[in-house]
Every structure is written in C-alpha cells, then in structure tokens.
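Trainee: For reference, the structure I am asking about is given below.
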Amino acid sequence: MKKITLAIALVVLLCLTACGKVETKPQPPDQTDAGASEELPAQTPEVPSEDNVIDGHTIDDVMEEIESDGIAEKLISLGLTEEEADEGSKILRQCGVPSIDLCEPTDPNATVDGLVCFREKLDDDRVLIFTMENRNIFYVALNGEDLYDEDLGGFLKRFDDVHIPETYLSEPVKINLRDKTESVLDKYFPNATRYYDAWGFGREDNKFMVQCQISDGSILSGDWIYAYVWYEAQIEGEFTVVGVKINGQQYASRIASLVVCFLSSTRPRGFSGSFLIIFMRSPPPSVGLQRV
1237 MKKITLAIAL VVLLCLTACG KVETKPQPPD QTDAGASEEL PAQTPEVPSE
1287 DNVIDGHTID DVMEEIESDG IAEKLISLGL TEEEADEGSK ILRQCGVPSI
1337 DLCEPTDPNA TVDGLVCFRE KLDDDRVLIF TMENRNIFYV ALNGEDLYDE
1387 DLGGFLKRFD DVHIPETYLS EPVKINLRDK TESVLDKYFP NATRYYDAWG
1437 FGREDNKFMV QCQISDGSIL SGDWIYAYVW YEAQIEGEFT VVGVKINGQQ
1487 YASRIASLVV CFLSSTRPRG FSGSFLIIFM RSPPPSVGLQ RV
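Residue numbering for the sequence shown follows our numbering, starting at 1237 and increasing by one per position.
Listed below in structure tokens is the structure:
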C-alpha cells in the first residue's frame, strides 16, 4: 500500500515539474487605446497579367486625327435642327467654305424661320455671306462673288476659285506716286497749287489710285477740293495715267503716257473689296476725307 502511494506521489511531482517549464509567449500591448494605427503588410507592386500585354508591332507612321470643321454644330447653334444643319453643311462644304464659326446675322431681329443673312469677316481680305429662307440655305458668296445660288441651279464656284486681288503698296511706291500725282494735277491749274498732307492710296492688282486735297493759289478762301488720279501698271513696273477727277468732275488725261517708276516689293496677296485707302494725316478741320 505504501508503494502504491509513493508511486502516485512521484507521478504527480513529475507532472508539476513539466508544467512549470512550459514557456508562455508575451502578448503585444493593446495599441488601440493609445491611438496608434495597426501596421499593415507592405503591398507589392502589381504585375500586369498576360491579358493586359499588347501583342503587336509598333510602326513610325502617324495617322492624322479626324476633326469636325464645326459647320454643322454652328448651324445648330443658329437655330437649325440636326437634319437641317446636315443639309446646310453639305452646301457650304461643297463650296469649300472652311469655317463659319464667326458668322452672325446682319439683322439681329431676323431668324432662321424667315429670311436671314449671315456674314463673317474671315480676315482683312475676305468676307463670307450666306442667306437662309425658311431654314434652308439658298445663297452663298465670297467677296461678292456667287458660290452657290439656288435660283441659278445651285453650286457655281468653290471658295478657293475666287480671285483675291493684290492691294499692298510699299512706302517707296506711295511716295513716288504722290510726287507724280502732283506733277499731273499741276497741269490743270494756271496758278500755283498747294497740296494738303492727307494723301490716300489704293490698289487692285495692276490698277492704282491716288487721292489728295488740292487748293488753287488763286482761291483766297483757301478751300480744299478733292482730286483723284488713276494709274495702270504696265510691263517692267511702268505706270500709265488712265483717269483724272477734280472736284467731282472727270477730266481727260493731259498726259497720254506718264511713266512712274515702280519699286517692286513682295507681300502676300490681299483684298479690300474696293480700293484700299491709306491716309497719311487727318484732313483740315473744315474738310472730311471721303473713302472711295
């Protein structure tokens, strides 16, 4: 009996000894109350899958993007429906019109439901107009030349086919023409003439015009009258007098062939619709210059 009791006591002692050697892992402090955020595992960069890889060969050729000319959109903003704007844009594109972005009605009270004319100054040399009646375009013109006229069968001419006359004059040419004009006009007055420093010059291709104000020395009142001399450019830059007008009266030229030295110069072509007048000074207080 004693042996059994001793054996049981030995087993219990061994168990207690073994339990005492078990290590316990310390628990990390709870950081929630301290306000510290929980650390997250570092994220690794995403590797594209094979499905996202482009399978193809690149080339050096570049395709131009197709952009709208904005004509149909502008017509819609003017009051047309999409279908009406599509028909109108076909007419304008047929005529080669590049844009109507700045077109506005000449009459602010007119609408597309009636008769309305739209005008746009494309630049200093070109003016585009097109006219609608009952929401349909029936007339298009550039610088007064018909591009489209419904009454004449529709399409007539393309935008680029309209001739744009040259209007540029260099300073040396204007000075030379001024001097020659004085010599032409002096022959129409028996007394000494005076010229007011308010000269105007115009050009349309090979046609030139000079405008000035002149006073006959015999006029005691000192009134200034308008005078004009027209020239036509000839071969090798020579100029011929083709017309004279003094105080509203046209006169026959007293010089059959006046040659004016023409100093050539280059500049992009332009158009003014009529002669381009360039004034060097303001007129006398009592006289207002007229544009011709």
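Glycine included, C-beta positions come from ideal geometry on N, C-alpha and C.
Beta-carbon within less than 6 Å of L1328's beta-carbon, same chain only, minus the 5 sequence neighbours each way: which residues are those?
Mentor: Numbered from 1 along the sequence shown, position 92 holds the residue referred to as residue 1328. Closer than 6 Å at the Cβ level, and outside the excluded window around L1328, lie I1307.
Trainee: Just the Cα atoms here: how many angstroms apart are E1323 and E1418?
Mentor: Taking the sequence shown and counting its residues from 1, one reaches residue 1323 at position 87. Taking the sequence shown and counting its residues from 1, one reaches residue 1418 at position 182. If I take the Cα positions, the gap works out to 57 Å.
Trainee: Looking at C-beta atoms only, is the number of pairs between the stretch 1352 to 1371 and the stretch 1425 to 1432 that lie closer than 8 Å three or more?
Mentor: Result no; under three Cβ-Cβ pairs closer than 8 Å.
Trainee: Counting along the chain, where does the alpha helix (DSSP H) carrying D1322 start and finish?
Mentor: Residue numbering aside, residue 1322 sits at position 86 when the sequence shown is read from its first letter. First-last of the alpha helix (DSSP H) with D1322: E1318 to Q1330.
Trainee: If we ignore side chains and look at the alpha-carbon of each, how far apart do F1437 and E1319 end up?
Mentor: Taking the sequence shown and counting its residues from 1, one reaches residue 1437 at position 201. Taking the sequence shown and counting its residues from 1, one reaches residue 1319 at position 83. Cα to Cα, the separation comes out at about 49 Å.
Trainee: Between the alpha carbons of L1405 and K1416, how many angstroms are there, rounded?
Mentor: The count along the sequence shown starts at 1 and reaches residue 1405 at position 169. The count along the sequence shown starts at 1 and reaches residue 1416 at position 180. Near 15 Å, if we compare the C-alpha coordinates of K1416 and L1405.
Trainee: From N1345 to V1352, what distance separates their C-alpha atoms?
Mentor: Counting from 1 along the sequence shown, the entry for residue 1345 is found at position 109. Counting from 1 along the sequence shown, the entry for residue 1352 is found at position 116. Approximately 9 Å between the Cα atoms of the pair.
Trainee: My output table needs one value for E1468: the three-state DSSP class, helix, strand or coil.
Mentor: Stepping through the sequence shown from its first residue, residue 1468 is reached at position 232. In this structure, E1468 counts as strand in the three-state DSSP scheme.
Trainee: Which word fits K1423, buried or exposed, when buried means at least 16 other C-beta atoms lie within 10 angstroms of its C-beta?
Mentor: For the purposes of this step, residue 1423 is identified with residue 187 of the sequence shown, where counting begins at 1. K1423 should be labelled exposed.
Trainee: On a Cα-Cα basis, can you pick out the residue from L1392, W1435, P1401 and F1395 that is closest to N1412?
Mentor: Position 176 of the sequence shown, counting from 1, holds the residue named residue 1412. Checking every option, the nearest Cα to that of N1412 belongs to W1435.
Trainee: Got a sec, what are the start and stop residues for the beta strand (DSSP E) A1488 sits in?
Mentor: Position 252 of the sequence shown, counted from the first residue, corresponds to residue 1488. Where A1488 is concerned, there is no enclosing beta strand (DSSP E), given that its DSSP letter is neither H nor E.
Trainee: Which residue's Cα is closest to the Cα of F1395: G1315, G1292 and S1335?
Mentor: Residue mapping note: residue 1395 aligns to position 159 of the sequence shown, counting from 1. Comparing Cα-Cα distances from F1395 to each of G1315, G1292 and S1335, the minimum goes to S1335.
Trainee: What distance in whole Å lies between the Cβ atoms of V1376 and L1421, which are believed to be in contact at a cut-off of 8 Å?
Mentor: As a first step, residue 1421 must be located in the sequence shown, where it is residue number 185. As a first step, residue 1376 must be located in the sequence shown, where it is residue number 140. In fact, because the Cβ distance is near 43 Å, the residues do not count as touching under 8 Å.
Trainee: In whole angstroms, what is the alpha-carbon distance linking I1365 and T1294?
Mentor: Residue numbering aside, residue 1365 sits at position 129 when the sequence shown is read from its first letter. Residue numbering aside, residue 1294 sits at position 58 when the sequence shown is read from its first letter. Whole-angstrom Cα-Cα distance: 47 Å.
Trainee: Between the Cα of L1314 and those of P1401, I1290, R1355 and G1389, spot the shortest distance and give me the residue it belongs to.
Mentor: Here residue 1314 is taken as the residue at index 78 of the sequence shown, counted from 1. Minimum Cα distance to L1314 is reached at R1355.
Trainee: What number of angstroms, rounded off, separates the C-alpha of G1509 from the C-alpha of F1475?
Mentor: Against the sequence shown, residue 1509 aligns to sequence position 273. Against the sequence shown, residue 1475 aligns to sequence position 239. For G1509, the predicted model reports a pLDDT of 38, less than 50, meaning its position is unreliable; a value from the coordinates is still stated below. Spanning the two alpha carbons is a distance of roughly 22 Å.
Trainee: Take the Cβ of V1496 as the centre, count every other Cβ of all protein chains shown within 10 Å, and call the residue buried at 16 or more, exposed below.
Mentor: Numbered from its first residue, the sequence shown carries residue 1496 at position 260. With a pLDDT of only 37 at V1496, under 50, the local geometry of the prediction cannot be trusted, and no value is derived from it.
Trainee: In chain order, what are the residue ranges of uninterrupted beta strand (DSSP E) at least 3 long that sit wholly in the stretch 1406 to 1448?
Mentor: With a minimum length of 3 residues, the continuous beta strand (DSSP E) runs that stay inside the stretch 1406 to 1448 are 1429 to 1440.
Trainee: Could you tell me which of D1452, S1451, Q1447 and W1460 sits nearest to K1481, measuring between CA atoms?
Mentor: Along the sequence shown, one-based indexing puts residue 1481 at 245. The option with the nearest alpha carbon to K1481 is Q1447.
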